[in-house]
């Protein structure tokens, strides 16, 4: 694991712990019994009881809704989507507690079958990008399935603690005496999440997660946002590689594609790390890298191909007025299409 990926795993692990314990310490939860949010141990109410009792006016109630509902939602949405506009699905790849489960189970499934998903058409290479063996052993299914079930149960319980007092939920579970509704919620949640973790991990992230979809839509609207760039003119350097960048992607994307085909990219950077490892002895370095701004604009696929920074600079120099007189008419076309 590269230092970059170790840092990402630390962020994921920290946020997963926060996801589990935020309700326990009353950092954030909605208490159905009390009927209001609790944020950092304080009740987050609109004063509805006072309004119904006539202790506050219509104006004060409207102001409460504005200050305690509309403004916080707008601020959070602006921050969340603002990050997505510039960096893409950064939350998904670096924080999301669901995606960390997806990646964990993916690795167990890969060790069991050679594929990160049962929907992959064929197994990946029998070695890692650094050349070390990547053997498969069907006995890993004995870990993958229980892990999926355990994560499903843990998620179901955690979600319930966001709705009911955590002390009550965990106390009832410890005594093996949950209420009927608690048992139904945990049971149904565990079954649904187990099916999802087993069969549709990355598919849920790509097609069903609302938070992910909104991030992707905002990211796609910014043609200069950070994206994985591919130096297509060096494609010959990929000849000796087993498409490791494709095989390591937890979302089962093909990183060498244009941006519109990378709609669900979570900016995890595993493809870049794999390419850097494979090309570690190449003086030209990795073919994949983070790009943004004008480089991303040139590589967004609007012309049907990706143009790297050197090619773009050469094209710009070719069409400068001082060079037009000595430049053949078809030079720009040859530049864009002749470097494939």
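In the working numbering, the protein residues as written are 3 to 342. Each residue gets a CB set at the ideal place from its N, CA and C atoms; glycine is no exception. Computed from a predicted structure; not experimentally measured.
What is the DSSP secondary structure of residue 93, counted as helix, strand or coil?
Look at residue 93 here: in three-state DSSP terms it is helix.
Mind pulling the alpha helix (DSSP H) runs of 4 or more residues that sit fully within the region 264 to 296?
Here the runs fully enclosed are 272 to 280.
Residue 125 beta carbon near the ligand MG (any heavy atom closer than 7 Å)
Although the ligand MG was asked about, the structure shown includes no ligands whatsoever.
Would you report the Cα separation of residue 307 and residue 175, rounded to the nearest angstrom?
Because residue 307 sits at a pLDDT of 40, beneath the cut-off of 50, its placement in the model cannot be relied upon, and the point is left open.
Take every Cβ of the region 115 to 135, pair it with every Cβ of the region 157 to 164, and state whether three or more of those distances are shorter than 8 Å.
With a cut-off of 8 Å, the region 157 to 164 and the region 115 to 135 do not count as touching, because too few Cβ pairs lie within range.
In the DSSP assignment, the alpha helix (DSSP H) including residue 216 goes from what residue to what residue?
Residues 212 to 223.
In its own chain, which residues sit with a C-beta less than 6 Å from the C-beta of residue 80, not counting the 5 before and 5 after it?
Taken in chain order, the list of residues that qualify is empty.
Tell me the DSSP secondary structure of residue 308 in three-state form.
Annotation note: pLDDT 43 at residue 308 (below 50); position unreliable, coordinate value reported separately. Shown here, residue 308 sits in coil according to DSSP, grouped into three states, outside any helix or strand.
Nearest-angstrom Cα separation, counted from residue 35 out to residue 272:
Between residue 272 and residue 35, the C-alpha separation is close to 44 Å.
Just how far apart, CA to CA, sit residue 90 and residue 224?
Between residue 90 and residue 224, the alpha-carbon positions lie close to 9 Å from each other.
Any idea what DSSP makes of residue 31, helix, strand or coil?
Secondary structure of residue 31 (DSSP, three-state): strand.
State the Cα-Cα distance for the pair residue 152 and residue 52, rounded to the nearest angstrom.
C-alpha separation (whole angstroms): 44 Å.
On a CA-only basis, which of 13, 288, 101 and 5 is nearest residue 230? Give me that one, please.
With distances taken between CA atoms, residue 230 lies nearest to 288 out of 13, 288, 101 and 5.
Does the Cβ-Cβ distance between residue 196 and residue 154 come in under 8 Å?
Taking 8 Å as the Cβ cut-off, residue 196 and residue 154 qualify as a contacting pair.
Span separating the alpha-carbon of residue 250 from that of residue 11:
C-alpha of residue 250 to C-alpha of residue 11: approximately 15 Å in a straight line.
Return helix, strand or coil for residue 128, following the three-state DSSP convention.
Coil at residue 128, not helix or strand.
Buried or exposed (CB count within 10 angstroms, at least 16 for buried), residue 1
Look at the range of the chain in this structure, 3 to 342, and you will see that residue 1 is not part of it.
Looking at C-alpha atoms only, which residue of 102, 282, 219 and 135 is the closest neighbour of residue 199?
The shortest C-alpha separation from residue 199 is found at 102.
Round the Cβ separation of residue 2 and residue 87 to the nearest angstrom and send it over; I've been treating them as touching at under 8 Å.
The displayed coordinates of the chain run from 3 to 342. Any statement about residue 2 would go beyond what the structure contains.
Thinking just about the alpha-carbon of each residue, which of 62, 218, 149 and 22 is nearest to the one in residue 105?
Ranking the options by Cα distance to residue 105, first place goes to 149.
Under a Cβ-count criterion, where at least 16 other Cβ atoms within 10 Å of its own Cβ denotes burial, should residue 5 be classed as buried or exposed?
By the neighbour-count criterion, in which 16 or more other beta carbons inside 10 Å mark a residue as buried, residue 5 falls on the exposed side.
Can you give the Cα-Cα distance for residue 297 and residue 259, rounded to whole angstroms?
Using only the alpha carbons, I get a separation of about 15 Å.
DSSP three-state label for residue 318, please.
Confidence at residue 318 is low in this model, with a pLDDT of 39, below 50, so its placement is unreliable and no value can be given for it.
Which two residues bound the contiguous beta strand (DSSP E) that contains residue 232?
Bounds of the beta strand (DSSP E) holding residue 232 are 229 to 232.
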